[in-house]
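Residue numbers (the numbering used here): 110 to 430.
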């Protein structure tokens, strides 16, 4: 018990305090002061060793990613991050491991002005579970159910980098530093999500694969979509691979935590300006159409069918990493 409370005290000392946190780490629950007139946005994700990050990943990178995947969910809703809680499962009461995890976690929290306000520590396999809270103006949240036939389909950044890194790791090959950074330290597109509020009709973050996640938008919106493989943006590191090799990573790989969103064609210029102001590149990759599901097309217009459109949490092997 003493070790547990020592770890909690260590985390509390590093988390700090601020005005909207009336009571933070150390009590049964936190007391928080939401801003007047805002809606609360809440999300939660867990990261488990060997499933969400490879064994041997640097602890600071694990801490970073644990928060990043949750901030990405807030970004997909157009929300401004505010608070988070952290539940830690640790094989041992290792203060050095906790400090290293916090190095990455709190570095990203500082970038996005997120306060760590509570959580839990327990003994078990290495796992981090984060609940993140943010705010959005009433009626301004981005949702999955607003896509309409004729809308453009967009994606931010360069999807496929993290999947390319993972493929190299699984093959025992050297991993290019730029690709490994995208796997270990994804950048949540918070500024982009905020900029798209009022412009995008639907949005989702790409965690399980572009085609799979766009499929969720289609299901929620009662429409279909077509994606042009030739339009998928590739980073310089990924562009070195021939298209047929990188398409499964770009279209079906997850873990990049980019935003896939839809918007009417008349918003193209406004979206380009808004995302330029947010410092986030984006590309139009397809369109919403009548029908169901997502079609992917090769440059010659023929259909491309991947073996698996995205990661399936309870059908794929338990430890893909």
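All C-beta atoms in this analysis are idealised placements derived from N, C-alpha and C, irrespective of residue type, glycine included.
Inter-residue Cα distance where the pair is residue i and residue j
{"i": "residue 398", "j": "residue 113", "result": "54 Å"}
{"i": "residue 362", "j": "residue 188", "result": "25 Å"}
{"i": "residue 396", "j": "residue 372", "result": "9 Å"}
{"i": "residue 241", "j": "residue 387", "result": "22 Å"}
{"i": "residue 339", "j": "residue 121", "result": "49 Å"}
{"i": "residue 231", "j": "residue 177", "result": "22 Å"}
{"i": "residue 277", "j": "residue 284", "result": "6 Å"}
{"i": "residue 354", "j": "residue 392", "result": "20 Å"}
{"i": "residue 193", "j": "residue 227", "result": "7 Å"}
{"i": "residue 273", "j": "residue 132", "result": "43 Å"}
{"i": "residue 331", "j": "residue 165", "result": "42 Å"}
{"i": "residue 311", "j": "residue 248", "result": "13 Å"}
{"i": "residue 130", "j": "residue 167", "result": "30 Å"}
{"i": "residue 145", "j": "residue 153", "result": "23 Å"}
{"i": "residue 219", "j": "residue 297", "result": "13 Å"}
{"i": "residue 223", "j": "residue 191", "result": "5 Å"}
{"i": "residue 171", "j": "residue 385", "result": "29 Å"}
Residues that residue i bridges to, as DSSP identifies them
{"i": "residue 153", "result": "240"}
{"i": "residue 198", "result": "231, 236"}
Under the three-state DSSP convention, the category residue i falls into
{"i": "residue 148", "result": "strand"}
{"i": "residue 273", "result": "helix"}
{"i": "residue 329", "result": "helix"}
{"i": "residue 136", "result": "strand"}
{"i": "residue 350", "result": "coil"}
{"i": "residue 309", "result": "coil"}
{"i": "residue 178", "result": "helix"}
{"i": "residue 263", "result": "strand"}
{"i": "residue 286", "result": "helix"}
{"i": "residue 324", "result": "helix"}
{"i": "residue 113", "result": "helix"}
{"i": "residue 337", "result": "strand"}
{"i": "residue 255", "result": "coil"}
{"i": "residue 190", "result": "strand"}
{"i": "residue 246", "result": "coil"}
{"i": "residue 130", "result": "strand"}
Own chain, CB closer than 7 Å to residue i, minus 5 neighbours either side, in chain order
{"i": "residue 95", "result": "This structure cannot settle anything about residue 95, because the visible part of the chain is limited to 110 through 430."}
{"i": "residue 337", "result": "394, 395, 406"}
{"i": "residue 149", "result": "143, 242, 244"}
Close Cβ partners of residue i (< 8 Å) along its chain, the five nearest in sequence each way excluded
{"i": "residue 327", "result": "256, 333, 334, 397, 401, 402, 403"}
{"i": "residue 109", "result": "Residue 109 lies beyond the range of the chain shown here (110 to 430); nothing can be said about it."}
{"i": "residue 134", "result": "117, 120, 121, 124, 225, 226, 227, 228"}
{"i": "residue 234", "result": "157, 158, 198, 200"}
{"i": "residue 287", "result": "270, 344, 345, 346"}
Sequence-distant residues of its chain with Cβ nearer than 6 Å to residue i (five each side left out)
{"i": "residue 359", "result": "268, 269, 341"}
{"i": "residue 173", "result": "213, 217, 294"}
{"i": "residue 147", "result": "244"}
{"i": "residue 309", "result": "251, 370, 372"}
{"i": "residue 140", "result": "131, 132"}
### Query
Between the segment 302-318 and the segment 182-201, are three or more C-beta pairs nearer than 8 Å?
Result yes; three or more Cβ-Cβ pairs closer than 8 Å.
### Sufficient close CB pairs (3 or more, under 8 Å) joining the segment 246-263 to the segment 197-204
In short, these stretches do not touch, since the Cβ pair count stays below three.
### Query
With a cut-off of 8 Å, do at least 3 Cβ pairs link the segment 376-393 to the segment 313-321?
Contact between the segment 376-393 and the segment 313-321 is absent, because fewer than three Cβ pairs lie under 8 Å.
### Query
Is the segment 260-273 close to the segment 354-370, with three or more CB pairs under 8 Å?
A contact exists between the segment 260-273 and the segment 354-370.
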